[in-house]
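Structure first, then comments.
In full-length UniProt numbering, the protein residues as written are 1 to 250.
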């Protein structure tokens, strides 16, 4: 496995990718998985972290409130194109929100790019309501997409399933749903792009290990699990009491 590529993408690179034919197909495939986990957001407050605006369109129309925070190293764009913008620059490990402020967080192009993933997830935990959910999209370490820096998913730190599971457990998230997606190769050829749906059916049906991305639906745990250690009880040794008949010396 080659060393991970340093994160050098800015918002211009990300916008250009999603405007390309490969990015359009990627958006369709990944968006279907994200929204399948997300379900209805009617009346909910939704926060997007990283570069997530391509996936927020259906959410913004229905949710009570939508916010999108982008890391300062990446840059920010106004979104949506009409009406009041919901985007802002932020340090993803120090979000400008109070505790329990949002019901759902969608994190895309974020976890793999930060220096301290555990600090980022701890901050997501802080701003989520009790029972709130995180939809997390991360490059798969064994996938082809993580090895090609021609796409945004080839930058930063990819994860294996076991690495991601351990990180989420350590930051008090419980995965409730897990999907692998983006089985098609990251090739811009129109022929390959037309076969994207077939690749997804084939890879998902056979649970192939080379998917480009992990998509995880995780719930905020309210209490840290405590390891129960069996304590060996010591028998108390009390001196035996001897009953002596009255009138006899003790």
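Yeah, the Cβ is synthetic: ideal placement off N, Cα and C, and Gly gets one too.
**Asked** The alpha helix (DSSP H) spanning residue 13 covers which residue range?
**Response** Within the chain shown, the letter at position 13 stands for residue 13. Looking at the DSSP string, the run of the alpha helix (DSSP H) that includes residue 13 is 11-19.
**Prompt:** Mind checking residue 170: buried by the 16 CB within 10 Å criterion, or exposed?
**Reply:** Your numbering for residue 170 matches position 170 in the chain shown. The residue in question, residue 170, is exposed, as its Cβ has fewer than 16 Cβ neighbours within 10 Å.
**Prompt:** For the alpha helix (DSSP H) that contains residue 69, what are its first and last residues?
**Reply:** Working through the chain shown from its first residue, we reach residue 69 at position 69. Not the alpha helix (DSSP H): residue 69 falls in the beta strand (DSSP E), residues 65-71.
**Asked** Sorted by chain position, which residues of the same chain lie with C-beta nearer than 7 angstroms to residue 245's C-beta, five sequence neighbours on each side aside?
**Response** Here residue 245 refers to the residue found at position 245 when the chain shown is read from its first residue. Annotation note: pLDDT 49 at residue 245 (below 50); position unreliable, coordinate value reported separately. Leaving aside the five residues that flank residue 245 on each side, none in its chain has a CB nearer than 7 angstroms to its CB.
**Message:** Can you give me the C-alpha to C-alpha distance between residue 228 and residue 172, rounded to a whole angstrom?
**Reply:** Position 228 of the chain shown, counting from 1, holds the residue named residue 228. Position 172 of the chain shown, counting from 1, holds the residue named residue 172. Confidence at residue 228 is low in this model, with a pLDDT of 46, below 50, so its placement is unreliable and the value that follows should be read with caution. Between the alpha carbons of residue 228 and residue 172 lies a gap of roughly 18 angstroms.
**Beta carbon proximity, residue 178 to chain D, threshold 8 angstroms** = Among the protein chains of the structure shown there is no chain D, as only one such chain exists.
**Request:** Look at the Cβ atom of residue 144, then the Cβ atom of residue 210, and state whether they are nearer than 8 angstroms.
**Result:** The residue you call residue 144 lines up with position 144 of the chain shown. The residue you call residue 210 lines up with position 210 of the chain shown. It is a contact, given that the beta carbons lie within the stated cut-off.
**Asked** Can you give the Cα-Cα distance for residue 221 and residue 140, rounded to whole angstroms?
**Response** By 1-based counting over the chain shown, the position of residue 221 is 221. By 1-based counting over the chain shown, the position of residue 140 is 140. Between the C-alpha atoms of residue 221 and residue 140 there is a straight-line separation of about 24 angstroms.
**Request:** May I have the straight-line CA-CA distance separating residue 20 from residue 86, to the nearest angstrom?
**Result:** On the chain shown, residue 20 is found 20 positions in, with the first residue counted as 1. On the chain shown, residue 86 is found 86 positions in, with the first residue counted as 1. Cα to Cα, the separation comes out at about 24 angstroms.
**Request:** Hey, could you find the ends of the alpha helix (DSSP H) residue 133 is sitting in?
**Result:** The residue given as residue 133 occupies position 133 in the chain shown. No alpha helix (DSSP H) holds residue 133; the beta strand (DSSP E) holding it covers 128-139.
**Asked** Using the C-alpha atoms, what's the distance from residue 122 back to residue 99?
**Response** Taking the first residue of the chain shown as position 1, residue 99 is located at position 99. Taking the first residue of the chain shown as position 1, residue 122 is located at position 122. Those two C-alpha atoms are separated by around 11 angstroms.
**Asked** How should residue 242 be labelled, buried or exposed, when 16 other C-beta atoms within 10 angstroms of its C-beta is the threshold for buried?
**Response** Start at 1 with the first residue of the chain shown, and residue 242 comes out as number 242. Caution applies to residue 242, whose pLDDT of 43 falls short of 50 and renders its modelled position unreliable; the value that the coordinates give is listed next. Counting Cβ neighbours within 10 Å, residue 242 comes out exposed, since fewer than 16 surround it.
**Prompt:** Is residue 77 near residue 66, with beta carbons less than 8 angstroms apart?
**Reply:** Within the chain shown, numbered from 1, the residue matching residue 77 stands at position 77. Within the chain shown, numbered from 1, the residue matching residue 66 stands at position 66. No, Cβ-Cβ distance for residue 77 and residue 66 is not below 8 angstroms.
**Prompt:** What first and last residue would you give for the alpha helix (DSSP H) that runs through residue 109?
**Reply:** To locate residue 109, count along the chain shown from 1; it is residue 109. No alpha helix (DSSP H) holds residue 109; DSSP gives it neither H nor E.
**Asked** If residue 11 sits next to residue 51, beta carbons under 8 angstroms apart, how far is it from one beta carbon to the other, in whole angstroms?
**Response** The residue given as residue 11 occupies position 11 in the chain shown. The residue given as residue 51 occupies position 51 in the chain shown. The pair is a contact, with the Cβ atoms about 7 angstroms apart (cut-off 8 angstroms).
**Boundaries of the alpha helix (DSSP H) in which residue 165 is found, first to last residue** = For the purposes of this step, residue 165 is identified with residue 165 of the chain shown, where counting begins at 1. Segment 161-170, the alpha helix (DSSP H) holding residue 165.
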